[in-house]
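Taking it in order: structure first as structure tokens, then the write-up.
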Amino acid sequence: MLTASVAMPTFNRREILLQTLASLERQSVEPSRYEVLVCVDGSTDGTIEALQKVRPPYPLRWVVQRNRGAVFAANAAARLARNDVIIILGDDQLASFDLVAAHLEAHERLGTILVQGDYPLAPGHDREGASMLYERSRRASMEQAVAGGSVFWHMWGGNFSIRRATWEAIGGFDETFSDYGADDTDLGMRVAAQGIPFVFEPRALTYHQHRVNRRRYGQQAFSAGRAAVRTARKHGVRLEDFRGAVLRRPIERWVQRGWQWIPAAMRGIGGLLTFMLGVADALRVRPLQLTAARLVRRFYSVGGVATELSR
Numbered sequence: 676m677l678t679a680s681v682a683m684p685t686f687n688r689r690e691i692l693l694q695t696l697a698s699l700e701r702q703s704v705e706p707s708r709y710e711v712l713v714c715v716d717g718s719t720d721g722t723i724e725a726l727q728k729v730r731p732p733y734p735l736r737w738v739v740q741r742n743r744g745a746v747f748a749a750n751a752a753a754r755l756a757r758n759d760v761i762i763i764l765g766d767d768q769l770a771s772f773d774l775v776a777a778h779l780e781a782h783e784r785l786g787t788i789l790v791q792g793d794y795p796l797a798p799g800h801d802r803e804g805a806s807m808l809y810e811r812s813r814r815a816s817m818e819q820a821v822a823g824g825s826v827f828w829h830m831w832g833g834n835f836s837i838r839r840a841t842w843e844a845i846g847g848f849d850e851t852f853s854d855y856g857a858d859d860t861d862l863g864m865r866v867a868a869q870g871i872p873f874v875f876e877p878r879a880l881t882y883h884q885h886r887v888n889r890r891r892y893g894q895q896a897f898s899a900g901r902a903a904v905r906t907a908r909k910h911g912v913r914l915e916d917f918r919g920a921v922l923r924r925p926i927e928r929w930v931q932r933g934w935q936w937i938p939a940a941m942r943g944i945g946g947l948l949t950f951m952l953g954v955a956d957a958l959r960v961r962p963l964q965l966t967a968a969r970l971v972r973r974f975y976s977v978g979g980v981a982t983e984l985s986r
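The sequence shown begins at 676 in this note's numbering and counts up one residue at a time.
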């Protein structure tokens, strides 16, 4: 029987991490069949002290590094792996009872594959526009993957698994994607280039405690736009083919020019859009929240694309 190493990066989310570790105690497979590995990415909130007090039924190990970013931390955690299959899991993913079993069974049944798990929002985490839009995008992407879409466009990094030998052969996440965005897409593209099949396994289920403040939401979208350009250049693909690609509409071309010509003014407009998202969230009108979140995401994504194209 195959065994699993669950690898998690974490930064200053002690309580959320502890909830995820607790959820991993309740698995349908024996604790001897999996280990949990954590990289503490420069946390200053007492995460290390909390880990020292945890006594789970499964083997738990962790490594500490200075704050470098999630991809560095995920790679560092995965380097500790001793088992056959590496499950990359976000520290905000609450594991279902069959999470580890579903990942392992897929690998046992199908051989060398990449398994994409499912991770809908956890109850109570669908009240803000950014989270609602995130969930809609993720769900649409999973549906396209099931329908046979190109594998790498539908790679979501919060819950997936891969054979350790494959992970080591491709080198894990590309650490040049040190900011938010495209690290999972890039990894999916490199796996696909090796001819390794992509399998969506809905039984490999976690519940995502998605939390992002509104200011950070715009920053993430900007970073994702820049990362999309870098990924397109690296792999020789068209930017327009990316999942959720920007610059397809004439108005986005005008927004692109604005970011290139008057970036300070565009940041001011972005702040206004973010304020509007806050108002929509306060009113709790879902269509308005979704529209406002979509405007913020597209506006800042175009900004990231424009900035990277100008480099």
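We treat Cβ as the ideally placed atom computed from N, Cα and C, and that holds for glycine.
Note that the coordinates shown come from a computational prediction; the quantities given were computed from them, not determined experimentally.
Check: Let's test the definition: count the other Cβ atoms within 10 Å of the Cβ of ARG757 and tell me whether it reaches 16, buried, or not, exposed.; Outcome: exposed
Check: Determine whether the beta carbon atoms of THR722 and ARG743 lie at a separation below 8 Å.; Outcome: no
Check: Give a yes or no on whether the C-beta atoms belonging to LEU693 and ALA725 are separated by under 8 Å.; Outcome: yes
Check: Got a sec? Which residues, its chain only, sit under 6 Å from GLU983 by beta carbon, not counting five neighbours each side?; Outcome: ARG901 and VAL904
Check: Could you please give the first and the last residue of the uninterrupted beta strand (DSSP E) stretch that includes LEU789?; Outcome: 789-793
Check: Would ALA770 be called buried (16 or more neighbouring beta carbons within 10 Å of its own) or exposed?; Outcome: buried
Check: DSSP on VAL713, reduced to helix/strand/coil?; Outcome: strand
Check: Just tell me which of ARG741, ALA781, SER898 and GLY765 has its CA closest to the CA of ASP759.; Outcome: ALA781
Check: Leaving out the 5 sequence neighbours to the left and right, which residues in its chain are closer than 8 Å to LEU785 when beta-carbon positions are compared?; Outcome: PRO872 and VAL874
Check: I'd like the list of long-range same chain contacts for LEU952, defined as Cβ closer than 7 Å, with 5 residues on each side in sequence excluded.; Outcome: GLY804, ARG889, ALA967, ALA968 and VAL971
Check: Using alpha carbons as the reference points, say which of TYR709, GLN935, TRP842 and PRO795 lies closest to GLY833.; Outcome: PRO795
Check: From what residue to what residue does the beta strand (DSSP E) around MET676 run?; Outcome: Premise fails: MET676 is in no beta strand (DSSP E) and is neither H nor E.
Check: Hey, quick one: how far does the alpha helix (DSSP H) through GLU876 stretch, first residue to last?; Outcome: Unbroken run through GLU876 is the beta strand (DSSP E), 873-883; no alpha helix (DSSP H).
Check: For ALA776 versus VAL729, is the C-beta spacing smaller than 8 Å?; Outcome: no
Check: Among ARG973, GLU843, TYR733 and ALA868, whose alpha-carbon lies nearest the alpha-carbon of SER812?; Outcome: ARG973
Check: Helix, strand or coil for ALA857? Go by DSSP, reduced to three states.; Outcome: coil
Check: Evaluate the contact criterion for the segment 929-941 versus the segment 854-863: three or more CB pairs, one atom per stretch, below 8 Å.; Outcome: no
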